[in-house]
Amino acid sequence: MTVRTMPRPPLWVRSPGVRARPRNRWAPGVLGAVAAVMVPWVFVLGRSLPETTQVRHWPAVWIGLDLAVALGCATTARLAHHGDDRARLSASAVAALMVMDAWFDVLSAQAGAEFTQALVCTVPELALAGLCTWLALHDTERPS
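Below is the structure:
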């Protein structure tokens, strides 16, 4: 006889009146401090970075990013196939990488055809980011 347990509720569902407490009580404080420091830092960067620059190893940058996406997709697929909740973590990482990929594609493209191509490429990139976000927020139950 197989014992089947009830599926866990999604991450955002909690019992009324129950407040989750972080295991590392110091982590939220550190993250909040980093967020507070980043705001003025963005203004410093805005005033100090050059408008243009040349980048060494430009192909390696994009190849490395695409390999990270491929590895993340493969990891997420394998974990989700086995019903492993860690698929949520890798799906979150892939979603973040895809949004970053779309952002840099558009902002680093030259005006004209290159820019248009970058905009067209954002459609599948952001669709994959949306799928991975959905996976990250939903239970990964192994298909029967």
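Each residue of the sequence shown is one higher than the one before, counting from 13 in this note's numbering. Note that the Cβ used here is the ideal one computed from N, Cα and C, for glycine as well.
Nearest-angstrom Cα distance between residue i and residue j?
i: Asp97; j: Gly84; result: 15 Å
i: Asp151; j: Val135; result: 26 Å
i: Val63; j: Leu57; result: According to the sequence displayed, residue 63 carries Glu and not Val. If I take the Cα positions, the gap works out to 11 Å.
i: Val73; j: Ala123; result: 21 Å
i: Gln66; j: Arg35; result: 44 Å
i: Ala45; j: Arg37; result: 14 Å
i: Leu43; j: Met50; result: 10 Å
i: Gln129; j: Arg68; result: 23 Å
i: Ala39; j: Ile75; result: 33 Å
i: Gly41; j: Ala48; result: 11 Å
Alpha carbons only, please: which of the options is nearest the one belonging to residue i?
i: Leu149; options: Thr128, Ser104, Leu119 and His94; result: Ser104
i: Leu109; options: Pro71, Trp38, Asp78 and Ala99; result: Asp78
i: Leu140; options: Ala82, Trp74 and His93; result: Ala82
i: Gly95; options: Arg37, Leu147, Gly142 and Val46; result: Leu147
i: Val111; options: Thr128, Phe55 and Gly142; result: Gly142
Drop a sphere of 10 angstroms on the beta-carbon of residue i, count the other beta-carbons inside from all chains shown, and report buried for 16 or more, exposed for fewer.
i: Thr88; result: buried
i: Ser60; result: exposed
By DSSP, does residue i sit in helix, in strand, or in coil?
i: Gln129; result: helix
i: Glu63; result: coil
i: Asp97; result: coil
i: Arg90; result: helix
i: Ala139; result: helix
i: Asp151; result: coil
i: Ala121; result: coil
Residue i CB to nearest chain C CB: under 8 Å?
i: Asp97; result: This model lacks chain C altogether, as it is built from one protein chain only.
Are residue i and residue j close, meaning C-beta to C-beta below 8 Å?
i: Ala107; j: Cys144; result: yes
i: Leu131; j: Val118; result: yes
i: Leu138; j: Ala121; result: no
i: Ala86; j: Ala92; result: no
Hey, is residue i close to the ligand GTP, as in C-beta under 7 Å from one of its heavy atoms?
i: Trp53; result: What this structure holds is no ligand at all, so the ligand GTP is not there to describe.
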